[in-house]
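Working notes for the structure below.
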Amino acid sequence: MLDTKANPVAEEIFSGTSSHQDAELVITAPETAQNIAPTIMVQGSAFTDLPEDLYIPPDALQVFLETFEGPLDLLLYLIRKQNLDIMLIPIAEITNQYIAYIALMDQLQLDLAAEYLVMAALLAEIKSRLLLPRQVEITDEEEDPRAELIRRLQEYERIKKAAEELDEFPRLERDVFELFVDTRQITVVRPLPNVELKDVLQAFREVLQRAEQLSHHQIIKEPLSVRERMSSILTQLNTYGTCLFTKLFTFKEGRHGVVVAFLAILELSKEGLIEIIQDEPFGLLEVRSAVRSH
Amino acid sequence: MKLKHIVEALLFASDKPMSLKALQEVFPELEQPQSADLETALLELTEDYDSHSIELKKVASGYRFQVREQMSPWVARLFEEKPARYSRALLETLAIIAYRQPVTRAEIEDIRGVVVSSNIIRTLMEREWIKIVAHKEVPGRPGLYATTKEFLDHFNLSSLAQLPTLQEIQDVNLPLKEVEPLSQATREQSETEQSSLQETPNPETDGAETQA
Amino acid sequence: MKLKHIVEALLFASDKPMSLKALQEVFPELEQPQSADLETALLELTEDYDSHSIELKKVASGYRFQVREQMSPWVARLFEEKPARYSRALLETLAIIAYRQPVTRAEIEDIRGVVVSSNIIRTLMEREWIKIVAHKEVPGRPGLYATTKEFLDHFNLSSLAQLPTLQEIQDVNLPLKEVEPLSQATREQSETEQSSLQETPNPETDGAETQA
Chain A
10 MLDTKANPVA
20 EEIFSGTSSH
30 QDAELVITAP
40 ETAQNIAPTI
50 MVQGSAFTDL
60 PEDLYIPPDA
70 LQVFLETFEG
80 PLDLLLYLIR
90 KQNLDIMLIP
100 IAEITNQYIA
110 YIALMDQLQL
120 DLAAEYLVMA
130 ALLAEIKSRL
140 LLPRQVEITD
150 EEEDPRAELI
160 RRLQEYERIK
170 KAAEELDEFP
180 RLERDVFELF
190 VDTRQITVVR
200 PLPNVELKDV
210 LQAFREVLQR
220 AEQLSHHQII
230 KEPLSVRERM
240 SSILTQLNTY
250 GTCLFTKLFT
260 FKEGRHGVVV
270 AFLAILELSK
280 EGLIEIIQDE
290 PFGLLEVRSA
300 VRSH
Chain B
32 MKLKHIVEAL
42 LFASDKPMSL
52 KALQEVFPEL
62 EQPQSADLET
72 ALLELTEDYD
82 SHSIELKKVA
92 SGYRFQVREQ
102 MSPWVARLFE
112 EKPARYSRAL
122 LETLAIIAYR
132 QPVTRAEIED
142 IRGVVVSSNI
152 IRTLMEREWI
162 KIVAHKEVPG
172 RPGLYATTKE
182 FLDHFNLSSL
192 AQLPTLQEIQ
202 DVNLPLKEVE
212 PLSQATREQS
222 ETEQSSLQET
232 PNPETDGAET
242 QA
Chain C
32 MKLKHIVEAL
42 LFASDKPMSL
52 KALQEVFPEL
62 EQPQSADLET
72 ALLELTEDYD
82 SHSIELKKVA
92 SGYRFQVREQ
102 MSPWVARLFE
112 EKPARYSRAL
122 LETLAIIAYR
132 QPVTRAEIED
142 IRGVVVSSNI
152 IRTLMEREWI
162 KIVAHKEVPG
172 RPGLYATTKE
182 FLDHFNLSSL
192 AQLPTLQEIQ
202 DVNLPLKEVE
212 PLSQATREQS
222 ETEQSSLQET
232 PNPETDGAET
242 QA
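Residue numbers (my numbering), protein chains in the order written: chain A, 10 to 303; chain B, 32 to 243; chain C, 32 to 243.
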């Protein structure tokens, strides 16, 4: 027979009446008990209070322990399952239960987070301090060794409750839902970017500067012919009728190109294909096609 | 066209909540409605939808229409994917950040008593529910986490103030007596202590402060 | 829960139109509403939204709520993107066409030293700032680009002659903002335009850009 009274852990697990909602487990008693040798060390001494006939299937215990979020959660559970106030935490008893749990975990070779062991050590230390002989009067400055632990437990319990409440809040995609209303029939007019003249001119200035650099560094210049330039000027004039004199020059070509363009214009003028006009003194020179096809 | 109808169309067409400012900015500069007029329109709209399956809701980043919570049993069947369930570890971490922000990872770990996995922080960051708002001036300059508007939006909240207040913390003021083992006598004693505590509760005060 | 309300919730929550069959399938097998009942519910819903900015519409693949078309002027503004800015490449291309017109694409590329993307030419054509005025009598007969009347209008120019000369442009110290008109005649004309502009701000001008 399995004696569940001897160990609170066994009692809890085997009774299946846990108040801890996630921890409810009913584990059938095994047919054969196993002899197990407790090996957990607490404060340098072996912890040996486990009933020798206790056997819990490792998988089940694993599930059980995974429902705890850490040592504080486990401690809270141990306190709450006895309907105890955190303020009145019976350190010795809780320590025994707690250590029994982690001893079990250790025996079953579960991965035991270091935090659980740290807490075991802390509990053992508090327990030993409380057991100190009475005659040592404790001064006002010295805090009750339980106080810090109680504060942590309270804070953790508050957060645990808050997390549960948070989970209950109506949540998007779970409780409330975003709407999908068709807007494809809405015609969207996309505004066009605005451009200011100074931006265009600035851009052009940079082009010219780049072109200037190009003509300075370019060793092989494009071969230019006056005839070619003449025909291009003609094409231009045939389309526009008139043209700024300065526009007939391609500055990228450098001085040589400008000379070619100038020669082309002079040639065209001499041949009577274009007229060069100046509307007023010191005004801009304009070139216009002398042959009007239409 | 009544302002109410324009606001209605805008809220339905927008794929995210719209603030008063966002609503105003839809209008040409000289025709922008007053905030008060917008609020009246929003109030009228809210009432218009009283008997509908959808509601006009104010969340942190603005107003949005949403399907009412009581419709979720039907609506949930529309979606093949089950809504994400979050682990206790994630929810506790989120709750700590919500209530204790700005807070470092080490502080979260102190409260929970266990290491916070990087996965949890990453998930919360990816969902844009938390963000790093500053770095604490201690060695390592750890990030200080805080919740975001997206967090509030997702949890149907318009501000952090809508979160329930945390349980009150009882004053830790223990008489240094051994209460072990749990015998009948100590149990009675405990009850006495408890009742005396209940007579003079000091919910606001953290025990550490009164003793310090 | 009335069928109408469930249908309403479903149509709002669904991201695509829902057919009668799709609506039925949301319900457990033994509780599926009759098509006739669904149609009645849909009809009632349609009437419920008579005075709203959205309407229940039957489209090819089913029923869905959509924003009424007459709300377009307001809703469209939601979707409007901030006016983009044109690239430096586009401005250079435009400037080259303005100063070197008529000019082929190859010639623009020669001057710029880089390929001119088709996007730029298309954007300028769509904006009606440039057009093809002739084709050059060379292999491939490339189009010769020139600026348009719309180009002049946009920049408040009465003619291309008002553009600064190449020399003026190359003078790095020249504040391009205050480019002076070229002749006395155009100068006066320009000043008239300018002063009238100051009285009635150009609606085309984006305030953000002028401030930037």
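Glycine included, each C-beta is placed from N, C-alpha and C at the ideal position.
Source: prediction; values computed, not measured.
Next on the checklist: Measuring alpha carbon to alpha carbon, tell me which residue in B:A72, B:S66, B:Q97 is nearest I37 (chain B).
Outcome noted: B:A72
Checklist entry - What are the boundary residues of the beta strand (DSSP E) that V296 (chain A) is part of? => result 294 to 298
Next on the checklist: Within the continuous beta strand (DSSP E) that includes V164 (chain B), where are the two ends?
Outcome noted: 161 to 166
Next on the checklist: Taking CB distances under 8 Å as the criterion, tell me whether D141 (chain C) reaches chain A.
Outcome noted: yes
Checklist entry - Are L175 (chain C) and I163 (chain C) touching if we call contact CB-CB under 8 Å? => result yes
Checklist entry - In chain C, what lies closer than 9 Å to I242 (chain A) by C-beta? => result Within 9 Å Cβ-Cβ: nothing; I242 (chain A) doesn't reach chain C, min ~11 Å.
Next on the checklist: Check whether the stretch 277 to 296 of chain A and the stretch 56 to 63 of chain C are in contact - that is, three or more C-beta pairs closer than 8 Å.
Outcome noted: no
Next on the checklist: Beta carbons nearer than 8 Å to chain C: which residues of the stretch 39 to 52 of chain B have them?
Outcome noted: E39, A40, L41, F43, A44, S45
Next on the checklist: Classify R193 (chain A): buried if its beta carbon has 16 or more other beta carbons within 10 angstroms, exposed otherwise.
Outcome noted: exposed
Item to check | CA nearest to the CA of S45 (chain C), picked from C:Y80, C:G93, C:L69 | outcome: C:G93
Next on the checklist: Is it buried or exposed, H83 (chain B), if we count other Cβ atoms within 10 angstroms and call 16 or more buried?
Outcome noted: buried
Checklist entry - Nearest chain C C-beta to V7 (chain A) closer than 8 Å, yes or no? => result Nothing in the structure corresponds to residue 7 (chain A), since chain A is present only between 10 and 303.
Item to check | Coil, strand or helix - L93 (chain A) by DSSP | outcome: coil
Item to check | Terminal residues of the alpha helix (DSSP H) in which T154 (chain B) lies | outcome: 149 to 157
Item to check | Listed by chain order, chain A residues near A126 (chain C) by CB distance under 8 Å | outcome: V209, L210, A212, F213, V216
Next on the checklist: If we define contact as Cβ-Cβ less than 8 Å, is H83 (chain C) a contact residue for chain B?
Outcome noted: yes
Item to check | C-beta contact flag for E159 (chain B) and E123 (chain B) at 8 Å | outcome: no
Item to check | Same chain only: Cβ atoms within 6 Å of V147 (chain C), ignoring 5 sequence neighbours per side | outcome: T124, R136, I139, E140
Checklist entry - Does D191 (chain A) have its Cβ less than 8 Å from a Cβ in chain C? => result yes
Item to check | Which of helix, strand or coil DSSP assigns to M32 (chain B) | outcome: coil
Item to check | H185 (chain B) to I159 (chain A) span [Cα, whole Å] | outcome: 34 Å
Next on the checklist: Less than 8 Å between the C-beta atoms of R116 (chain B) and I127 (chain B), yes or no?
Outcome noted: no
Next on the checklist: List, in chain order, every chain C residue whose beta-carbon is nearer than 7 Å to that of R8 (chain A).
Outcome noted: As displayed, chain A neither begins before 10 nor continues past 303, which places residue 8 (chain A) out of reach and without an answer.
Next on the checklist: Which residue marks the beginning of the beta strand (DSSP E) containing E138 (chain C), and which one marks its end?
Outcome noted: Premise fails: E138 (chain C) lies in the alpha helix (DSSP H), 136 to 143, not in any beta strand (DSSP E).
Item to check | Buried versus exposed, by CB contacts within 10 Å (16 or more), P80 (chain A) | outcome: buried
Checklist entry - List, in order along the chain, the chain B residues whose C-beta lies closer than 7 Å to that of V328 (chain A)? => result The first residue shown for chain A is 10 and the last is 303, placing residue 328 (chain A) beyond what the model contains.
Item to check | Residue-level contact to chain A via CB, R95 (chain C), 8 Å cutoff | outcome: yes
Next on the checklist: Does any residue of chain C have a CB that is nearer than 8 Å to the CB of L188 (chain A)?
Outcome noted: yes
Checklist entry - Can you name, in chain order, every residue of its own chain whose Cβ lies under 6 Å from the Cβ of A216 (chain C), other than the five neighbours on each side? => result Residue placement at A216 (chain C) cannot be trusted, given a pLDDT of 38 that sits under 50; the coordinates are not used to answer.
Next on the checklist: Residues in the same chain with beta-carbon distance under 6 Å from M156 (chain B), minus the five sequence neighbours each way, listed in chain order, please.
Outcome noted: none
Next on the checklist: So, at 8 Å on beta carbons, what are the nonlocal neighbours of R95 (chain C) in its own chain, with the 5 sequence-adjacent residues on each side left out?
Outcome noted: L42, S45, K47, P48, M49, L87, K88
Checklist entry - Using a Cβ-Cβ distance under 8 Å, would G79 (chain A) count as near chain B? => result yes
Checklist entry - In this structure, does DSSP put Q198 (chain B) in helix, strand or coil? => result coil
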